[in-house]
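>
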Amino acid sequence: MVQTSNNVAVVPQLRHFHASAVCCKVQSGRYKITQRRDRPLTYEMANPPHFIAHRKSWNSWDTTSLLDGQRAAETSLEDVFIRRFMIGTWHDLFCSEIIIKRQHNLIRIAGILRQGIPSRKMYFLIGYTEELLANWLQCPVKLELQTTDKKEDVIFKYI
730 MVQTSNNVAV
740 VPQLRHFHAS
750 AVCCKVQSGR
760 YKITQRRDRP
770 LTYEMANPPH
780 FIAHRKSWNS
790 WDTTSLLDGQ
800 RAAETSLEDV
810 FIRRFMIGTW
820 HDLFCSEIII
830 KRQHNLIRIA
840 GILRQGIPSR
850 KMYFLIGYTE
860 ELLANWLQCP
870 VKLELQTTDK
880 KEDVIFKYI
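Numbering (this note's numbering), first residue to last: 730 to 888.
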């Protein structure tokens, strides 16, 4: 301790030695293992982010992220809008991630759905979604949907 003119004891600043482990590991996109290992993961969720382009693919395919790409911000905003519109229109039916592929002027939207509604209603929703998105985005939109009996069919593993 250091005494000052006012008789106040001042503790000098010291650097302390920390014996704990370094906490700079990457944690986003990884799922925590539960004690009972009962959390279901799809194949998309089971692969960590560093396996993108090795074991899994990107959820949005476009060329705006290239050098001198045009409309990068608008494309990202449109992708968010498409995903929210799809989740709202196909409420509680998607079993997988929504994949958006842009090829020239065409937008292709892919995903796996649960067979929770009659086929007649599903065909109506496909036409409804394609027509509304085509009018809003001013380019042709094509849905490429696959169906499964129940959500458990797309589970890859439990953690």
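Heads up, the beta-carbon is just placed ideally off N, CA and C, and yes, glycines get one too. Predicted model, so just to flag it, every value in this text is computed and none were measured.
1) Could you name the residues of the same chain whose beta carbon sits closer than 7 Å to that of Arg837, not counting the 5 residues immediately before and after it, in chain order?
2) Quick check for students: name the residue ranges of the beta strand (DSSP E) that lie wholly in the region 843–883, counting only runs of 3 or more.
3) Could you say which of Val883, Ile762, His745 lies nearest to Phe823 if we only look at CA atoms?
4) Under three-state DSSP, which class holds Ser789?
5) Within 10 angstroms of its Cβ, does Ile841 collect 16 or more other Cβ (buried), or is it exposed?
6) For Leu835, which of helix, strand or coil comes out of DSSP?
7) Taking the alpha helix (DSSP H) that Leu770 falls in, what are its first and last residues?
8) Does the region 787–806 come close enough to the region 846–854 to have 3 or more Cβ pairs within less than 8 Å?
9) Could you check if Arg765 is buried or exposed, using at least 16 other CB atoms within 10 Å of its CB as the buried criterion?
10) Looking only at DSSP bridge pairs, what is Gly840 linked to?
11) Please report how far the alpha carbon of Ala839 lies from the alpha carbon of His745, in whole angstroms.
12) With 16 other CB atoms within 10 Å as the buried threshold, where does Asp878 fall?
13) Between the Cα of Arg869 and the Cα atoms of Lys880, Gly856, Thr876, which residue gives the shortest distance?
On the basis of the data shown:
1) Here the set comprises Lys830, Lys871, Glu873.
2) The region 843–883 contains these whole beta strand (DSSP E) runs: 870–877.
3) The candidate whose alpha carbon is nearest that of Phe823 is Val883.
4) DSSP, reduced to helix, strand and coil, places Ser789 within a strand of the structure shown.
5) By the neighbour-count rule (16 or more Cβ atoms within 10 Å), Ile841 is buried.
6) The answer is strand: DSSP assigns Leu835 an E or B state.
7) Counting along the chain, no alpha helix (DSSP H) covers Leu770; the unbroken beta strand (DSSP E) around it starts and ends at 769–771.
8) No, they do not touch.
9) Arg765 comes out exposed.
10) Under DSSP, the beta-bridge partners assigned to Gly840 are Leu874.
11) Between the C-alpha atoms of Ala839 and His745 there is a straight-line separation of about 54 Å.
12) By the beta-carbon neighbour count (other beta carbons within 10 angstroms, threshold 16), Asp878 is exposed.
13) One detail in the question is off: residue 869 reads as Pro in this sequence, not Arg. Out of Lys880, Gly856, Thr876, Gly856 has the C-alpha closest to the C-alpha of Pro869.
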